[in-house]
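Chains as they are written, first to last, in our numbering: chain A, 319 to 815; chain B, 17 to 624.
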């Protein structure tokens, strides 16, 4: 149950708020009532409610004046005031700090809105450092020690962990670990990884337990299991190649059909060359299980180190700082923002084969999941490419079929460009829509620009098979939309190729 | 004129001699028996005998009480004179009195009294002049700006200032001669101020005199000030809560002067507005004309580009106007146009601009408004038009059909022509929308869902090529979850972008894709996401609003996703069956908006 709060309802019509009063009381809140603005002001000063719902029909004081008076008093300045109104006058509701609710309202929605306001108030308190948060260095207090303290005291909340650029969190409820997250790794796998951290910093924010439970162990059991995993992994790692080494299945390997589920996961992943780190991240099983399977597969010759190693380290950054800045400005449409900008790039493909080409051929590409659902369904996000700390490219696909036409515009709007990976009919149809209707720049990979796309308003270009170069061309083109003309950045390949 | 001298002398002989002496020199001399006998009446000099220091005290009190008259003491001895000088008296003779000397002193004292009075008069006149000058200055300022909005605020402020009133309200006459509340300030409660003041002919006649008058008793007295120019009543001001407790004659005077100028100012303002309407606005609807609108839009484009802001351009078209004119006559057509413009004028903000492009088409420019805000405006506009009595009247005889399109700078174009082009395209899409073809406006949300879903053997939907695509048929079982995931990703990509998403499912569970994806949204997440269905295991969520529909078995059979945002409009409604899922999905903004509007209205959900 939510923390009980004091809520003041100021409304001349008692009948109108009777149901809301009952619902709020059921949630454990204390409800005060004021029939007019003057009484509401008096109660606000005397009782200091956590929230005021102020109806526009209140006499003696209008909502704006009421809010102004509360804000000028240091004792009441933090009290959120939500206006309830039967009609929305945009001039009247403009500038209301905590918004308004139009009558008649849905009780569930009002309760959710009230919860949201309280959550925001809590967050504001956290920022002011009033939340009683504990923080410190992991070199002073290790994560297992910290977890034991939380466990013994039956605490609930979120333990945030930072080590350099890495971030992680462990969610605790009543002294039990409920979930852990580290990047897109979640559950026990993330918990065991995080428990191995020896340096960095932590902060614990008390709060209600998360409803999303992914770990079913008591604290001591989880800690013991994590230590076992850490010891076993440390024993296995020297037997395996370095983490950036690409591994793949040996073509001649004979695989039994009734594999262990973890073995099956790893084998599936190794059907394409992947680094050891990628395999560890992509598999759902814990790191120890994956390492054990990999050690066995390598030992039995079922997997081996891939012959071609990428020389990604030899390449410079995809875009220069000025280009990144310009692209961020384009994405945020002139607004200033400190957050990561996400550039959406669409792939025009006729089938999954061409998509796999991107998944395996673009160095630095990271999949959204081991086997992205979009690969099979042809709809959704495949993965991302981090250009730098301020810019990320996400690759999406849309199904080219006629039945999926309604998906095209809503999901493709806001895209910065399109990579055309094959010139099949489906891909061409989608590319035509993106280039001509949505005016998105287009880059055709490994083929000349089809004549239908030559007049694309934002430009159409053709590059060779190099996907990194294709992506760079596309992003540069997104910054400098060309006049309708076909641009050949590299000599096109012969049509037969 | 004879000057008055009072004489306080106990010695009868001396008193008679002095009276005779003063009268012989033309003074109006009179004897009194005690200093208390001197009143505030016209007496310029008191000649008083002092026999003891105690009497000096009585004279000191008299001087404290009255500024006039001048005081000339006749001391019994030189010691007493010294005491008098020490006590601050400047005119004192010692008995026995030398008559010539006395006359000189009397003349000096009277001269001084005269100068003092003259000075006081001049000071008073200066004060009056300064006050009048200040009022005149305010009056001239009232004539300096013909903008009525500015003027009415200024009148209220100036009147309350010159009349030392803490509160003021102003009603101005409108085109029909009714007094309409325009401005108020101070301690007034808006609820107790009449929006319109109705006056009978006698009252109007009295008001035309232009004289202010008081109403009420004690501290609750209000000063009413009519604004009259050349016998025409232009407004009425109410001043209350006088700082000093009540209004004085001086306040009356200043209020009258200021009100006279204010009336001229208001009259000029109205004339200016009229001329402006003639020049910049359409005569019939008072909407701006296209040339003014284009200029304004170009300036707005410049500002938006310069300061990285956004604005939206909207086009409204009354499609059935020509038909209304043909079948119901020109007056009905005029009424329709007037009603629509009036409705739009009611809901626009002060900063928005409404213009008439052609007989059937209107433009609205909404500064600082993104595409989502523009969509919300269109929805409010249609609602307002539907509620207008004149439009209702015509609509009852022949349906008034109106469509709208919106385009946003810089997303949809960087110049006026491009924005208009995009607007028209959206207008065309709305015109061809399935929402219009199927007449979905008049039916409930679930009726719309059933109609759109149809049955496998239902006739094909009347889909127009010009409209955004809609498709009906078997859909993948995974699509519902995939859509939630992908829409949630879209929302997280730009969390500050506004939008609404409704996910309707048989049960509200914590493992719904949208719930999982939006678990860690940033605090400035702006989209509103609703989950509708039976309560399962999700009570609250940081980014979602669960709406529990326990008794609604329609949701047990159906699932839906309705999404409207700055960049997207999409709807999926589907019915799960044995072995296959039958669905309808569309990116037709008209259908999506229509479904969302009905859903919001039927489940009392907030518009945004």
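Backbone N, C-alpha and C fix where the C-beta goes; we use that ideal spot for every residue, glycine too.
Residue pairing by DSSP places residue 418(A) opposite 401(A) in a beta bridge.
Straight-line spacing of the CA atoms in residue 362(A) and residue 417(A) works out to 18 Å. For residue 738(A), the enclosing beta strand (DSSP E) covers residues 735 to 738.
Contact of residue 662(A) with chain B by beta-carbon distance below 9 Å involves 506, 509. Note that the C-beta distance between residue 478(A) and residue 551(A) is not below 9 Å. Bridge pairing for residue 240(B): 229(B), 254(B) [DSSP].
One thing to note: residue 613(A) has its Cβ within 9 Å of the Cβ of residue 558(A). In the three-state scheme derived from DSSP, where H, G and I count as helix and E and B as strand, residue 574(B) is classed as strand. Annotation for residue 478(A): the continuous beta strand (DSSP E) segment containing it runs 475 to 481. Among the residues of chain A, those whose CB is under 7 Å from the CB of residue 619(B) are 424, following chain order. Residue state for residue 610(A) is assigned as helix, using DSSP reduced to three classes. If you look at residue 491(A), you'll find it in the beta strand (DSSP E) that goes 484 to 491. A buried status is given to residue 510(A), since no fewer than 16 other beta-carbon atoms sit within 10 Å of its beta-carbon.
Under the three-state reduction of DSSP output, residue 546(B) falls in the strand class.
With respect to the 9 Å criterion, residue 363(B) and residue 416(B) are not classified as neighbours on the basis of their beta carbons. For residue 665(A), there is no enclosing alpha helix (DSSP H); the enclosing beta strand (DSSP E) has its first and last residue at 659 to 666. Within 8 Å of the CB of residue 441(A), the CB atoms of chain B belong to 539, in sequence order along the chain. Non-local beta-carbon contacts of residue 588(A) in its own chain, meaning distances under 8 Å to residues more than five positions away in sequence, involve 565, 566, 567, 597, 615, 621 in chain order. With a cut-off of 8 Å on Cβ pairs, the stretch 729 to 745 of chain A is in contact with the stretch 664 to 674 of chain A, counting three or more such pairs. The three-state reading of DSSP puts residue 144(B) in helix, counting H, G and I together. In the structure shown, residue 367(B) falls within a coil segment according to DSSP collapsed to helix, strand and coil.
In the structure shown, residue 267(B) adopts helical secondary structure according to DSSP, grouped into three states. Taking all protein chains in view, the Cβ of residue 474(B) is surrounded by fewer than 16 other Cβ atoms within 10 Å, so the residue is classified as exposed. The alpha helix (DSSP H) runs of length 4 or more contained entirely in the stretch 510 to 570 of chain B are, from start to end of the chain, 529 to 533.
Contact with chain A is absent for residue 228(B), since none of that chain's Cβ atoms lies less than 9 Å from the residue's Cβ.
Per the coordinates, the alpha-carbon of residue 505(A) lies some 34 Å from the alpha-carbon of residue 649(A).
Residue 485(B): not part of any alpha helix (DSSP H); DSSP gives it neither H nor E.
Looking at the DSSP output, residue 500(A) bridges to 503(A).
Distance check between residue 306(B) and each of 284(B), 370(B), 621(B) places 370(B) closest, using alpha-carbon atoms only.
Along the stretch 178 to 206 of chain B, going in chain order, the ones with a CB nearer than 8 Å to a CB of chain A are 205, 206.
Taking 8 Å as the cut-off between beta carbons, none of the residues of the stretch 504 to 518 of chain A comes near chain B. Apart from the 5 residues on each side of it in sequence, residue 531(A) sits with its Cβ closer than 7 Å to the Cβ of 496, 497 in its chain, given in chain order.
Membership of residue 454(A) in the beta strand (DSSP E) is indicated by the continuous run 452 to 455. Within the model, the alpha-carbon separation for residue 377(B) versus residue 429(B) is close to 21 Å.
Counting only residues of its own chain and dropping the five nearest sequence neighbours on each side, residue 500(B) has a CB closer than 8 Å to the CB of 519, 528, 529, 530, 533, 577. Taking 9 Å as the cut-off, the beta carbon of residue 223(B) is found no closer than this to the beta carbon of residue 212(B).
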